[in-house]
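Line by line, the protein sequences are chains S and X. Each residue of the first sequence is one higher than the one before, starting from 106 at the first, in the numbering used here. Each residue of the second sequence is one higher than the one before, starting from 3 at the first, in the numbering used here. Beta carbons are placed, not taken as given, at the ideal position from N, Cα and C, and that holds for glycine. Below is one structure, written out as structure tokens; comments come after it.
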Amino acid sequence: MPETPVPDEREPRRFDHDLDDEETVEEARLVRPYALTRGRTRPGRSDLPLEALVRVVAGATDPVGTAERRRILDLTREQILSVAELSAHLSLPLGVVRVLVGDLADEGLVVVHTGSPAAAPPAANLKVLESVLDGISAL
Amino acid sequence: MAFPHSDVTVAPQPPDQAAGDPAGTPAAPITVKIVVAGGFAVGKTTFIGSISDIEPLSTEAAMTEHSLGVDDAGGVTDRKTSTTVAMDFGRIALPGDLWLYLFGTPGQDRFHFMWDDLVTGAIGAVVLVDTERLEQCFDAVDYFEARQIPFVLAVNCFDGVARHSLDDVRSALAVRDEVPVFYTDARHRQATKQALITLVTLAMSRMQ
Numbered sequence: 106m107p108e109t110p111v112p113d114e115r116e117p118r119r120f121d122h123d124l125d126d127e128e129t130v131e132e133a134r135l136v137r138p139y140a141l142t143r144g145r146t147r148p149g150r151s152d153l154p155l156e157a158l159v160r161v162v163a164g165a166t167d168p169v170g171t172a173e174r175r176r177i178l179d180l181t182r183e184q185i186l187s188v189a190e191l192s193a194h195l196s197l198p199l200g201v202v203r204v205l206v207g208d209l210a211d212e213g214l215v216v217v218h219t220g221s222p223a224a225a226p227p228a229a230n231l232k233v234l235e236s237v238l239d240g241i242s243a244l
Numbered sequence: 003m004a005f006p007h008s009d010v011t012v013a014p015q016p017p018d019q020a021a022g023d024p025a026g027t028p029a030a031p032i033t034v035k036i037v038v039a040g041g042f043a044v045g046k047t048t049f050i051g052s053i054s055d056i057e058p059l060s061t062e063a064a065m066t067e068h069s070l071g072v073d074d075a076g077g078v079t080d081r082k083t084s085t086t087v088a089m090d091f092g093r094i095a096l097p098g099d100l101w102l103y104l105f106g107t108p109g110q111d112r113f114h115f116m117w118d119d120l121v122t123g124a125i126g127a128v129v130l131v132d133t134e135r136l137e138q139c140f141d142a143v144d145y146f147e148a149r150q151i152p153f154v155l156a157v158n159c160f161d162g163v164a165r166h167s168l169d170d171v172r173s174a175l176a177v178r179d180e181v182p183v184f185y186t187d188a189r190h191r192q193a194t195k196q197a198l199i200t201l202v203t204l205a206m207s208r209m210q
């Protein structure tokens with residue numbers, strides 16, 4: 106492990122402190138991405154896979170209604186989309202989208218399809234792989 | 003306005019995605035993914051685009067969430083960097099309501115934190131090799147070997163010309179015999195398709 110040349114502050118600074126720190130604002134985008142998540146970098150539910158599919162719950166209305174949340178609800182109303190696709194369409198970092206989607210899921214506004222438990226992803230299922238192989242071969 | 007952060011899950015996730023949710027939402031496709039790795043400009047996005055149903059999309063992760071307090075930018079640790087890592091990906095719909103995602107890795111090893119994200123639950127990886135810059139894929143080979151993730155080495159023939167024999171590539175990279183090494187052309191759908199078939203076949207053989 107390389108030694109740090111800076112003797113202090115090995116601990117990463119917390120984002121909620123940074124949000125109040127004027128010095129950090131100079132590199133801001135139009136809206137600092139993690140301002141949308143109130144400084145949180147972790148979703149409420151643990152690590153949503155990039156390929157987790159998100160769909161709006163029929164008739165969901167958003168009491169918070171930020172533009173980004175509305176966009177997620179609108180996009181997933183048109184079609185089911187992965188966390189990665191939402192990140193691309195919203196031009197927001199994956200970490201931000203994970204937090205936003207986690208919130209929306211916790212509030213019952215979207216359903217997240219993560220598939221089988223992480224311990225047994227579809228890729229660990231021989232039958233799924235056979236279907237993938239057949240499918241690709243037929244392309 | 004405060005976000006209510008309820009512990010009560012209003013819309014429970016179905017244990018099996020094929021079953022749909024209790025509210026009657028239609029079942030979701032089963033998603034699987036394959037990682038496409040290799041050095042900078044080796045043709046990862048071209049490879050993905052040659053077979054993807056959708057125009058390859060780009061997503062990013064902000065380095066700030068992991069680089070704070072880490073000194074890799076010249077000794078300044080008390081400062082946020084706004085570096086972002088772009089990652090391209092595509093999607094292929096397969097019969098049986100299967101969606102296959104192809105995720106390109108960010109090229110440099112200091113972005114390994116993103117690779118961990120990518121490979122979790124992946125079928126395996128296609129490592130694209132540029133024989134002119136062989137050293138650029140050492141990193142990927144080490145990474146997948148160490149984690150026992152099935153991978154294949156696809157030697158991308160720019161201009162359709164193979165400049166090095168596959169045996170040379172194999173010995174230069176010192177991969178085990180079971181690792182398939184073959185030529186590909188990232189621009190061509192048929193070649194890409196064959197690369198994916200080779201990988202999935204390898205992943206299946208590991209399970210039998």
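| Item | Value |
| --- | --- |
| Less than 8 Å between CB atoms is the rule here; does residue 178 (chain S) satisfy it with respect to chain X? | no |
| Among the residues of its own chain, which have a CB less than 6 Å from the CB of residue 168 (chain X), if the five just before and after it don't count? | 183 |
| Within the continuous alpha helix (DSSP H) that includes residue 176 (chain S), where are the two ends? | 172-183 |
| According to the neighbour-count rule (16 or more other Cβ atoms, all chains shown, within 10 Å of its Cβ), is residue 42 (chain X) buried or exposed? | exposed |
| Mind reading off the beta-carbon distance from residue 131 (chain X) to residue 171 (chain X)? Whole number of angstroms is fine, and I expect it under 8 Å. | 6 Å |
| At the 8 Å Cβ level, is residue 160 (chain S) part of the contact set with chain X, yes or no? | yes |
| Tell me the DSSP secondary structure of residue 193 (chain S) in three-state form. | helix |
| Going along chain S, which residues have a C-beta under 9 Å from residue 97 (chain X)? | 236, 239, 240 and 243 |
| Considering only DSSP beta bridges, list what residue 35 (chain X) is partnered with. | X:103 |
| Would you identify the three-state DSSP class for residue 204 (chain S), choosing helix, strand or coil? | helix |
| Any beta carbon from chain S within less than 8 Å of residue 123 (chain X)'s own beta carbon? | yes |
| With residue 186 (chain X) as the anchor, note down where its beta strand (DSSP E) starts and where it stops. | 183-186 |
| Are there 16 or more other CB atoms within 10 angstroms of the CB of residue 156 (chain S), so buried, or fewer, so exposed? | buried |
| Does chain X have any CB closer than 8 Å to the CB of residue 189 (chain S)? | yes |
| Of all the beta strand (DSSP E) runs that stay within the bounds of the segment 144-172 of chain X, which reach a length of 3 or more residues? | 153-158 |
| Taking 8 Å as the cut-off, decide whether the C-beta atoms of residue 185 (chain S) and residue 160 (chain S) are in contact. | yes |
| Using the rule of at least 16 other Cβ atoms within 10 Å of the residue's Cβ for burial, across every protein chain shown, is residue 242 (chain S) buried or exposed? | exposed |
| What does the Cβ neighbour count give for residue 163 (chain X), buried or exposed, with the cut at 16 atoms within 10 Å? | exposed |
| Could one say the Cβ of residue 57 (chain X) lies closer than 8 Å to chain S's Cβ atoms, at least one of them? | no |
| With 8 Å as the C-beta to C-beta threshold (strictly closer), list the residues of the segment 33-53 of chain X near chain S in chain order. | 33, 34, 35 and 53 |
| Check whether chain S comes within 8 Å of residue 195 (chain X), counting only Cβ atoms and requiring the distance to be less than that. | yes |
| From what residue to what residue does the beta strand (DSSP E) around residue 218 (chain S) run? | 215-218 |
| For residue 246 (chain S), which of X:199, X:89, X:37 and X:29 has the nearest alpha-carbon? | Summary: the structure shown does not reach residue 246 (chain S), with chain S confined to residues 106 through 244, and so no result is reported for it. |
| Answer yes if the segment 137-146 of chain X comes into contact with the segment 89-101 of chain X, meaning at least three C-beta pairs across the two stretches below 8 Å, and no otherwise. | no |
| I'd like the span of the alpha helix (DSSP H) that includes residue 240 (chain S), first residue to last. | 231-242 |
| Taking just the CA atoms, how far does residue 206 (chain X) sit from residue 52 (chain X)? | 24 Å |
| Go ahead and label residue 192 (chain S) buried or exposed: buried means 16 or more other beta carbons lie within 10 angstroms of its beta carbon, across all protein chains shown. | buried |
| In whole angstroms, give me the CA-to-CA distance for residue 125 (chain X) and residue 166 (chain S). | 37 Å |
| Can you tell me whether residue 179 (chain S) is buried or exposed, with buried defined as 16 or more other CB within 10 angstroms of its CB? | exposed |
| Show which residues of chain X have a CB atom less than 7 Å away from the CB atom of residue 156 (chain S). | 33, 35 and 103 |
| Let me confirm a value: residue 236 (chain S) is counted as buried when at least 16 other C-beta atoms fall within 10 Å, else exposed. Which label applies? | buried |
| So, at 7 Å on beta carbons, what are the nonlocal neighbours of residue 47 (chain X) in its own chain, with the 5 sequence-adjacent residues on each side left out? | 58, 90 and 106 |
| Kindly say whether residue 204 (chain X), judged by its beta-carbon, lies nearer than 8 Å to any beta-carbon of chain S. | no |
| By how many angstroms is the C-alpha of residue 185 (chain X) removed from the C-alpha of residue 136 (chain X)? | 14 Å |
| What residue does the alpha helix (DSSP H) around residue 127 (chain X) start on, and which one ends it? | Counting along the chain, residue 127 (chain X) falls outside any alpha helix (DSSP H), though it belongs to the beta strand (DSSP E) covering 126-131. |
| For residue 188 (chain X), does the count of other Cβ atoms within 10 angstroms reach 16, so buried, or fall short, so exposed? | buried |
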